Amino acid sequence: MYSLNYHRASSVADAVKLAKKGDDVKYLAGGMTLIPAMKTRLSAPSDLIDLGHIGELKGIKVSGKNVTIGAGTTHAEVAANEKLKAVCPAVSDLAAHIGDPAVRHKGTIGGSIANNDPAADYPAALLALDATVVTNKREIAAAKFFTGLFETALKDGEIVTAVRFTAPAKAGYEKFRNPASRYAMTGVFVAKGKANGKDDVRVAVTGAGENGVFRSKEIEAALSKKFDAAAVEGVKVPSKNLMSDIHASADYRAALVVVMAKRATAKANS
Amino acid sequence: MGVEGIGARVARKEDRRFVTGAGRYVDDMVVPGMKHAAFVRSPYAHADVKKIDVKAAEAMPGVIAVLTGKQLKGDGIGNLICGWMIHSKDGTPMKMGAWSPLAVDRVRYVGDAVAIVVAETKGQARDAAEAVEVTYREKKAVVDPARALAKGAPQLHPEAEGNLIYDWEIGDGKAVDAAIASAAHVTRLHIVNNRLVPNAIEPRAALGHYDKAEDHFTCWTTSQNPHVARLVMSAFYNVAPENKLRVIAPDVGGGFGSKIFIYPEEIVCLWASKRTGVPVKWVADRTESFMTDAHGRDHVTEVEMAFDKDNRITALKVDTIANFGAYMSLFSSSVPTYLYATLLSGQYNIPAIHANVRAVYTNTSPVDAYRGAGRPEATYVLERTMETAARELGVSPAELRRKNFVTQFPHQTPVIMAYDAGDYAASLDAAMKAADYAGFSERKKAAAKKGKLRGIGMSCYIEACGIAPSAAVGSLGAGVGLWESAEVRVNAVGTIEVLTGSHSHGQGHETTFAQLVAQRLSVPLDTVSIVHGDTDKVQMGMGTYGSRSGAVGMSAVFKALDKVEAKAKKIAAHLMEADEADIVIENGELKVAGTDKKLPWFQVALASYTAHNLPAGMEPGLKETAFYDPSNFTFPAGCYICEVEIDPDTGVTEIVQFVAADDFGNIINPMIVEGQVHGGIAQGIGQALLEGCRYDPASGQLVTASYMDYTMPRADDLPSFKVSTSNTPCPSNPLGIKGCGEAGAIGSPPAVINAVTDAIGDNDLTMPATPLKVWTALKAATRH
Ligand SMILES: Cc1cc2nc3c(=O)[nH]c(=O)nc-3n(C[C@H](O)[C@H](O)[C@H](O)COP(=O)(O)OP(=O)(O)OC[C@H]3O[C@@H](n4cnc5c(N)ncnc54)[C@H](O)[C@@H]3O)c2cc1C
């Protein structure tokens, strides 16, 4: 790790102010992605602004079907929140299976989506839930927020403050873990909600797309006809634009999308 | 057995400090004035070094020195060597390319060190290492051993034309070819043994300290054999004469073979300490470990096994290419020759065997012994072939093996080894019973109903431990003897220190060695301490590898105990005016048999040191040394059975059952033995299903350079193992011990792959059988 200046922000406004000072400033949330990158010297910020002590970024609010999760909320808190579990257990289940206990107790939802690792879990949930990302400046629809590998719509210095969504009638998430890293090698989030008074099925895939998280039209079409695991059977997902690496070929990922979608749907219906 | 003696499940004495974080490793060592080092390493797999500019680095904050290979050579530091001479079949000695501890004009793998930076802090050393400007001219690299042999391949060393280190053979090629020509059936296979990264939990580290006042060096290092390190560093690298070099290997967090070898870093830290006048510490980070620890395995083999019409094996022909990486590591040459080809008879009567082995340079990390070293490769070749043959012949894999088992001992194989004892059918029967082999077809049906593919596979392994006798290994080219030493030091109050030349880096010597002493001298375990790992404290010894600490190391302790016991009895007889032959040792006392005369142990010890009343002519004191040189290798053997269920949708293999039935001879501590077997099987399953070191074939970059891409086995990858042992005591050592440290890693990979290939019906699967590979194989099968 290179030496750097550490700042502890007391509020979002304070963090924004601090961020204007250094020449290569980075926000620090749980540090589960940023610190390892700094230790291997891949990331070398001049200044680190710790968001970990900002009360307004923390906590989960559920009112009716409307859910707001503060950006600084840890995966463990999301996994354990009873109110959230009652309206959208799929998100709690997703959070409960991120990394290991240490990662879940430090890592945050804001850090995860700001980082937008193509193998991260939350982006699939946000996209399938048609969630809104709230920042200190604006509100961004999930579909516009995730723009590419490790890329988001966030501008320099912009801070994610919360994630908001309406709990769907049914939702489920299933992932196939990368054998080595245990990140999602292919993860599928299925949600059956309402849009304009009509059923709206959304299926988002993470860990597989060359450009990060994406919606699977093929699976959405199948599940829109019947929201049942059997409906996914035999669906063909094209392998074009899917990642290929030493752990999984694009063809294999395409097959896994179908299998994970099937299992996620079964979970959503259980 | 007592509650603490031989055969007792004593909890490991050393674990308290390990599990409470109180172990003391090289990185915990602090010497006044100590500074920190970072190495500048090649980012290229193959390049000429045109220029090294250290000016900017020298000017960085905290930097004490930046030193290069030219200066190292200028100071007369020698090249690294391989200590086992192998001759090619044409009689020429192996072709060893020069390996300078700091590369001078050529780098040959990603991670090859070119300079060392010494600075006040580790961070400053790393910052400055990045500022060293090395001008490279990149060359074409080759990472695949077969390609390295091909015409036109990039050449690594001028000494080794065509990248060929040796072309060695063993056995009777003519007899084998004749047997194959007249065979009723021949099974042929192409076998790849995947390259592994050792991944000890503690990374390698070295602290070199030159004491100017004494003109003396101390080296703390992560070594499995500190005396060998001292010998080699003084005899070959000209660091210092042995009497001026102390090597200490304190607590060492796992080695698996990778810490046997002498690496560039410890040599360079010692030399840099003298150059700079400050103690120099280097600790590898995980990436350096992945790049520069000696890797394991990496063989490509063609095998042919011939059978007569009664399904008896008539011959075995093996042709292997072994990837040695960029340089010949300390014992690399012995691994695919005498630790591999000599085990190719397995548990079977094979009248004729021929093996040809070509050792090859490539632009990858050096390859050397890794848990099992040669024997896992031999077992994999043989047991994959046996299982395949059974399938081709349409007979039960168990019965094919049983029909060919060696049953008479001693048994001379055609490839040097003389098996002394064993009962292979006993292990096979025990394993089949524990696995309910007979019930497999029912379980397969039940699995099919759930949409799962179930498969079963076995492996009957034999291995050779101890790596001795010295005269035998000497005649085969070893540069050292492979005996072991012990000193038993009884203190005046009766407590005991045992100084062993073995080294414990996880094996539990502090417990098992003490159990032996407690048993023999009838003293409490707590009064026995085991001392190891320091060349200034302990007499010359050969260290720990090849499952030798029990069979060889403890036998040396046994011999020293014979001497201590004899002297103690003489003193007791003298004090109690009895005949020496009537003295027995029991319950912490020396007694005159058949009388009520007795002396507590401590009084005899005390008497030896007060020396007020000793038998005429006896020297005072109670301290004895012994060197033990075995008369044969030891031959642990056993049968492993693996049962898997495969999810055809995802290609995921779940191990639903794993049975190990081993014959380790006599056992000192069954709990520790089980722990060794569990760990070994975990590594074997790791090799079979998860671990695979990959280099990019074009650039030579290490692709699996972190845990993000290199899959280590985790607890949830493994089932609960069913382990058991049977016992044919080893006749060649006084304790009847065979050794258990490597068996799990040797026996398990073929059992796993035999099970997976049984489940999916595709025999060409290579290790690691990842979900991707299994899914791809299944998909290809359904396309047909
Ligand atoms: C061993 C391990 C296993 C893991 N496994 C998984 C897994 O299975 N699935 C998965 O999804 N993830 C996994 N992760 C990643 C983990 O979820 C991280 O916690 C997460 O990706 C980043 O969150 P963080 O709070 O730690 O962010 P940090 O590491 O602190 O920051 C990450 C990036 O986001 C920026 N940032 C953080 N907060 C904000 C904010 N509020 N506004 C704007 N920018 C911000 C930072 O500047 C930085 O660039 C794993 C991590 C580890 C170490």
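Just so you know, the sequences run in chain order G and U. Heads up: the first sequence is residues 16 to 285, going by this note's numbering. Heads up: the second sequence is residues 682 to 1465, going by this note's numbering. For every residue, glycine included, the Cβ atom is placed at its ideal position computed from N, Cα and C. All figures in this text were calculated on a predicted structure; none of them were measured in a lab.
- In terms of side-chain proximity, the C-beta atom of residue 86 of chain G is found nearer than 6 Å to a non-hydrogen atom of ligand 1.
- The closest CA to that of residue 38 of chain G, considering only G:196, G:99 and G:172, is found on G:172.
- One Cα belongs to residue 104 of chain G, the other to residue 186 of chain G, and the distance between them is close to 8 Å.
- What residue 258 of chain G touches in chain U, judged by beta-carbon distance under 8 Å, is nothing: the nearest beta carbon there is about 12 Å away.
- In the three-state DSSP reduction, residue 1296 of chain U falls in the coil class, being neither helix nor strand.
- Around the beta carbon of residue 163 of chain G, fewer than 16 other beta carbons lie within 10 angstroms, which makes this residue exposed.
- Neighbours of residue 194 of chain G in chain U, taken as residues whose beta carbon is under 8 Å from its own, are 1371, 1392, 1451 and 1452 in chain order.
- If you look at residue 852 of chain U, you'll find it in the beta strand (DSSP E) that goes 845-852.
- The continuous beta strand (DSSP E) containing residue 1004 of chain U extends over residues 994-1006.
- Interface residue (Cβ-Cβ distance to chain G less than 7 Å): residue 1456 of chain U is classified as such.
- If you check the CB distance, residue 1330 of chain U and residue 274 of chain G come in under 7 Å.
- Contact annotation: residue 1044 of chain U and residue 847 of chain U have beta-carbon atoms that are not nearer than 7 Å.
- As computed with DSSP, residue 794 of chain U is found in a beta bridge with U:722.
- Taking every protein chain shown into account, the CB of residue 267 of chain G has 16 or more other CB atoms within 10 angstroms, so this residue is buried.
- For residue 1018 of chain U, the CB contacts under 7 Å within the same chain, skipping 5 residues up- and downstream, are 767, 849 and 1038 in chain order.
- When CB distances to chain G are screened at a threshold of 9 Å, the residues of the segment 1329-1342 of chain U falling below it are 1330, 1331, 1332 and 1333, in chain order.
- When Cβ-Cβ separations below 7 Å define contact, residue 261 of chain G makes contact with chain U.
- Taking C-beta atoms under 8 Å as the contact rule, residue 238 of chain G and residue 228 of chain G fail to qualify, at a distance of about 18 Å.
- The DSSP assignment places 90-95, 97-102 and 104-111 as complete runs of the alpha helix (DSSP H) inside the segment 76-111 of chain G, in order along the chain (cut-off: 4 residues).
- Look at residue 267 of chain G: its C-beta is under 7 Å from a C-beta on chain U.
- Of the candidates U:740, U:1046 and U:917, U:1046 places its Cα closest to the Cα of residue 978 of chain U.
- Residue pairing by DSSP places residue 1184 of chain U in no beta bridge whatsoever.
- Interface criterion not met: the Cβ of residue 1139 of chain U is under 7 Å from no Cβ in chain G.
- Contact between residue 77 of chain G and residue 98 of chain G holds: CB atoms are separated by about 4 Å, below the 8 Å threshold.
- Ranking U:1455, U:1032, U:1171 and U:1421 by CA distance to the CA of residue 1095 of chain U puts U:1032 first.
- Residue 1200 of chain U: member of the alpha helix (DSSP H) spanning 1190-1202, first to last residue.
- Around residue 1200 of chain U, the same chain offers 686 and 687 as residues with beta carbons nearer than 6 Å, after the five sequence neighbours per side are excluded.
- Taking a 10 Å sphere around the C-beta of residue 1268 of chain U, we find fewer than 16 other C-beta atoms and assign the residue as exposed.
- Residue 882 of chain U sits exposed, since fewer than 16 C-beta atoms from the chains shown fall within 10 Å of its C-beta.
- For residue 53 of chain G, the Cβ stays outside the 6 Å cut-off from all heavy atoms of ligand 1.
- Take residue 1317 of chain U, set aside five residues on each side of it, and the residues of its chain with a beta-carbon closer than 8 Å to its own are 1143, 1144, 1146, 1228, 1343, 1344, 1345, 1346, 1419, 1420, 1421 and 1424, in chain order.
- With respect to the 7 Å criterion, residue 1048 of chain U and residue 826 of chain U are not classified as neighbours on the basis of their beta carbons.
- Each of U:1277, U:1248, U:1272 and U:1319 was checked against the Cα of residue 1298 of chain U, and the nearest Cα belongs to U:1248.
- Counting the other CB atoms within 10 Å of its CB gives residue 793 of chain U a total of 16 or more, which places it among the buried residues.
- Using a Cβ-Cβ cut-off of 7 Å, residue 972 of chain U does not count as an interface residue toward chain G, since no Cβ of chain G sits closer than that to its own.
- Per DSSP, reduced to three states, the secondary structure at residue 1421 of chain U is coil, with no helix or strand assignment.
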